[in-house]
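Visitor: Chains as they are written, first to last, in this note's numbering: chain A, 153 to 321; chain B, 849 to 1177. In this text, a Cβ means the ideal position worked out from N, Cα and C, and glycines have one as well. Starting off with a structure, shown below.
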Amino acid sequence: MAKVSFTVNGANRDLELDTRTTLLDALREHLHLTGTKKGCDHGQCGACTVIVDGRRINSCLTLAVMHEGDSITTIEGLGAPDRLHPLQAAFVKHDGYQCGYCTPGQICSAVAVLDEINAGIPSHVSADLNERPQMTATELRERMSGNICRCGAYSNIVDAITEIAGRQA
Amino acid sequence: MKSFTYERAHTPAEAAGAAARTEGAKFIAGGTNLLDLMKLEIETPAHLIDVNGLALDKVETIPEGGLRIGALVRNTDLAADPRVRRDYGLLSRALLAGASGQLRNMATTAGNLLQRTRCPYFYDGNLPCNKRKPGSGCAAIGGFSRQHAIVGGSDACIATHPSDMAVAMMALEAVVETVRARRVRSEAAGAAAGSGMTRSIPIADFYRLPGETPHVENTLEPGELITAVTLPKPVGGTHIYRKVRDRASYAFALVSVGAIVQHDGAGRVALGGVAPKPWRLAAAEAEMPRGAKAVTARLLADAKPTRENAFKMKLVERTLGAVLAEARG
């Protein structure tokens, strides 16, 4: 067992956990924040994506005890049913899901993707490494490739993110 | 997952000391590969030393004109560093061709170098694998081997090295800096052990071919910690990383080519996806002005492809041909 303290969606959390507990299991099983989903549990599907200190990561591939002092944002921290995050509203409007299981990870990832493009971080499809990356569908598709949707809602997901990206640009 | 004890280290020497003291200890940084393998009980460390607090997360310009990349610099940050984008474009491109945004945010420079193979037989505990269980045999030889090595393998193992970044590091002639604990014979020598022993390993000497011991993948000693990777001063030229894979994104390479091509057609080339380590040969680079066919003939002179991966022979030549054509503009 080991102790760890971090904040989740702004609230301080002090936990004593088996060292094997992943951040994903700490969120779901110990803090009962079940918005973050367990898909593959091997970093391949992106359903477990959360934002730690402003950066998206796979919460299944990191131990909770490695996050002492960190600030963690889950889908519950982005919005709520009566006050949706703009990306949540855009996913509803554009029908960016079918079963919805991958959606929390898709939305956490998309929030961070827009920040990454705004910060000038290049991607595999950026034509010139020394220019600022553009908000294009090609960039969004490449940057969202770590989030799998078995229902195949990809084109609607791109539409939803594009609408919000356009508002930011 | 097997149970383990856990500690946070605060300095490189402290981490190396803890590794030397503790049987079955491993360092953990990004954890993206290690935790995956621990869940499958392919890796079963008794103790984890968390090195994320070691403050090795800076990219610094060094006086000789190169860069010193801290071991903990995340793949995203290294790819986005303006100096890397400007002077070592091959490295940015290779990093951005690998994994996903989420994984690159966690994965570190040192951890990327130490990635284990994605050979499916290494991952399947029901089948023999000399890398996972020395002496048990190799299920890939005679098995499904489409993704496996065509050159550099042995009768014991034909697994490939999975890293894109390491291919760029090989072409850029990076140097791996490490620290390990001094062997302490008495308490009185404790003070001398405080700083640890450091050394620099050229990347050409870092990886080992499988031979009879495919579980030994590099020249690090037990408990030796990577602290930084240095890049020599920029060599100019056109930097291209071309990766051929089954999906357009988020897949390991079937074949990748990392190249630095100068105006006169000379340059450097390293291959990924075809060998147990990033594959680079001086004799092949001497052929660069003569074109892709001549270079490939040298690079793959000792190749022993299987029936399933023989296509990689032609794929290397064609990918390199495309890269050289792009470099000519």
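With DSSP collapsed to three states, give me the class of residue 1001 of chain B.
Guide: Residue state, collapsed to three classes: coil.
Visitor: Might you give, ordered along the chain, the residues of its own chain that have their beta carbon closer than 8 Å to the beta carbon of residue 938 of chain B, omitting 5 neighbours on each side?
Guide: Result list for residue 938 of chain B: 1016, 1019, 1020, 1087, 1088, 1089, 1106, 1107 and 1108, in chain order.
Visitor: Since residue 308 of chain A is in the alpha helix (DSSP H), which residue starts that stretch and which ends it?
Guide: Start and end: 306-320.
Visitor: DSSP three-state call for residue 154 of chain A: helix, strand or coil?
Guide: DSSP places residue 154 of chain A in strand when its eight states are reduced to three.
Visitor: Compare the C-beta of residue 215 of chain A against all C-beta atoms of chain B and say whether one is closer than 8 Å.
Guide: Chain B contact via Cβ: present.
Visitor: My understanding is that residue 1116 of chain B touches residue 1133 of chain B, with C-beta atoms under 8 Å, so please give their C-beta distance in whole angstroms.
Guide: Contact flag correct, Cβ pair sits at about 6 Å.
Visitor: Please list, in chain order, the chain A residues whose beta carbon lies closer than 7 Å to that of residue 1197 of chain B.
Guide: The question about residue 1197 of chain B has no answer, for chain B in this structure spans 849 to 1177.
Visitor: Rank A:257, A:294, A:214 and A:270 by C-alpha distance to the C-alpha of residue 879 of chain B and give the top, closest one.
Guide: The residue with the shortest Cα to Cα distance from residue 879 of chain B is A:214.
Visitor: If we ignore side chains and look at the alpha-carbon of each, how far apart do residue 1138 of chain B and residue 1170 of chain B end up?
Guide: Distance between the alpha carbons of residue 1138 of chain B and residue 1170 of chain B is about 14 Å.
Visitor: Going by C-alpha distance, which of B:850, B:1125 and B:1130 is nearest residue 999 of chain B?
Guide: Nearest of B:850, B:1125 and B:1130 to residue 999 of chain B, Cα basis: B:1125.
Visitor: Quick one: which chain A residues come within Cβ less than 7 Å of residue 953 of chain B?
Guide: Here the neighbours are 207, 208 and 209.
Visitor: Would you mind working out which of B:872, B:854 and B:869 sits nearest residue 173 of chain A, comparing C-alpha positions?
Guide: Nearest C-alpha to residue 173 of chain A: B:854.
Visitor: DSSP state of residue 971 of chain B, grouped into three classes?
Guide: DSSP places residue 971 of chain B in helix when its eight states are reduced to three.
Visitor: Are the C-beta atoms of residue 179 of chain A and some chain B residue less than 8 Å apart?
Guide: So, not an interface residue.
Visitor: Determine which residues of the stretch 290-302 of chain A have a Cβ less than 7 Å from any Cβ of chain B, and write them out in chain order.
Guide: From the stretch 290-302 of chain A, only 294, 295, 297 and 298 have a Cβ closer than 7 Å to chain B.
Visitor: Starting from the beta carbon of residue 1011 of chain B, find every residue of chain A whose beta carbon is closer than 8 Å, and list them in chain order.
Guide: The premise fails here: residue 1011 of chain B is roughly 15 Å from chain A at the closest Cβ pair, so nothing lies under 8 Å.
Visitor: For the beta strand (DSSP E) that contains residue 1181 of chain B, what are its first and last residues?
Guide: For residue 1181 of chain B there is no data in the structure shown, the boundaries of chain B being 849 and 1177.
Visitor: Figure out for me which residue from B:962, B:1007, B:994 and B:983 has the closest Cα to the Cα of residue 971 of chain B.
Guide: The shortest C-alpha separation from residue 971 of chain B is found at B:1007.
Visitor: Terminal residues of the continuous alpha helix (DSSP H) containing residue 1174 of chain B?
Guide: Residues 1159-1176.
Visitor: Could you work out which residue in B:1014, B:986 and B:996 is closest to residue 1003 of chain B when comparing CA atoms only?
Guide: If we check each option's Cα against that of residue 1003 of chain B, B:986 comes out closest.
Visitor: The alpha helix (DSSP H) with residue 954 of chain B in it runs from where to where?
Guide: Segment 949-954, the alpha helix (DSSP H) holding residue 954 of chain B.
Visitor: Between the Cα of residue 198 of chain A and those of A:320, A:301 and A:153, spot the shortest distance and give me the residue it belongs to.
Guide: Checking every option, the nearest Cα to that of residue 198 of chain A belongs to A:301.
Visitor: Need the endpoints of the beta strand (DSSP E) that residue 223 of chain A sits in, please.
Guide: 223-225 is the span of the beta strand (DSSP E), which, as asked, contains residue 223 of chain A.
Visitor: Using the C-alpha atoms, what's the distance from residue 933 of chain B back to residue 318 of chain A?
Guide: When rounded, the distance between both Cα atoms is 27 Å.
Visitor: How big is the Cα-Cα spacing for residue 150 of chain A and residue 240 of chain A?
Guide: The structure shown does not extend to residue 150 of chain A, since chain A is modelled only from 153 through 321, so no value can be given for it.
Visitor: What is the DSSP secondary structure of residue 861 of chain B, reduced to helix, strand or coil?
Guide: Of the three classes helix, strand and coil, the one that applies to residue 861 of chain B here is helix, per DSSP.
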